[in-house]
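For the numbering used here, count along the sequence shown from 1 and bump the result up by 4.
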Amino acid sequence: MKLDKKYIVLLALVCVVVIASVIALKGGVVEKDTYDFSLSPTPTVSTDASPTVSTDVSPTAAPAVKATASPKPGVIAEDVKDYNYWFRQLDSQNRVIGIYNECAYVIPSNVAHKNNVMVMLDNTRSTQSLILKIGTKEYSLAAQEWILVTLSSPTLPINLPIFCKGIELGQIELQ
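Structure (structure tokens):
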């Protein structure tokens with residue numbers, strides 16, 4: 005019996021339609037992300053020093069794990085703000101302290117802010133790491149790095165000198 009080409013093409017088409025229908029009715033291909041790493045049976049600890057032999061050799065079924073939409077650990081990329089976002093937010097309020105020429109000067113050098121203010125220490129223009137001291141706290145910045153810090157003091161008003169490489173570059177007055 006010789007099969008005609010039309011018959012083979014028709015048979016292949018029917019197979020594709022049947023497979024597509026099965027997948028559609030089943031709800032598509034679902035990958036299972038949850039794995040059960042629990043031990044079965046659960047090991048137990050006994051303070052009895054005599055040896056025991058377990059006679060239970062029947063396997064126990066692990067409890068079924070429901071697939072739930074629980075959050076995955078880690079950082080959500082949408083929540084992490086980048087340099088440009090923070091720079092735009094803080095620069096208009098004079099809350100970006102830019103460090104220039106490897107600690108030759110900072111801009112702004114003298115500024116006043118309310119207590120518990122968040123400022124950006126911006127070392128992005130430098131190729132050297134440095135330690136910036138504001139008041140009594142030291143902040144380590146790598147080359148081309150920026151960090152956000154909160155400046156606060158229990159006694160107000162207070163002038164917090166800004167030091168870098170032992171040179172006073174300015175002051176921040178907290179009110």
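Backbone N, C-alpha and C fix where the C-beta goes; we use that ideal spot for every residue, glycine too.
Computed from a predicted model, the values in this text were never measured in an experiment.
- Residue pairing from DSSP places W150 in a beta bridge opposite D126.
- An exposed status is given to S144, since fewer than 16 other beta-carbon atoms sit within 10 Å of its beta-carbon.
- DSSP lists M124 as the bridge partner or partners of V100.
- In the pairwise beta carbon analysis, the region 148-160 is classified as not touching the region 109-116: fewer than three pairs are separated by under 8 Å.
- Between I101 and V123, the C-beta spacing is below 7 Å.
- As DSSP reads the structure, S144 sits in a beta bridge with I135.
- In the DSSP annotation of this structure, the continuous segment of the beta strand (DSSP E) that includes Q175 starts and ends at 171-178.
- C-alpha of P165 to C-alpha of L125: approximately 14 Å in a straight line.
- Cβ-Cβ distances below 6 Å link S157 to L178 in the same chain, with the five nearest sequence neighbours on each side left out; the list follows chain order.
- Looking at the DSSP output, P165 bridges to Q175.
- In this structure, W90 and L29 do not form a Cβ contact; the two beta carbons are roughly 51 Å apart against a cut-off of 8 Å.
- Between the C-alpha atoms of L173 and C107 there is a straight-line separation of about 8 Å.
- Residue pairing by DSSP leaves Y89 without any beta bridge partner.
- Residue state for A28 is assigned as helix, using DSSP reduced to three classes.
- Bounds of the beta strand (DSSP E) holding N114 are 114-117.
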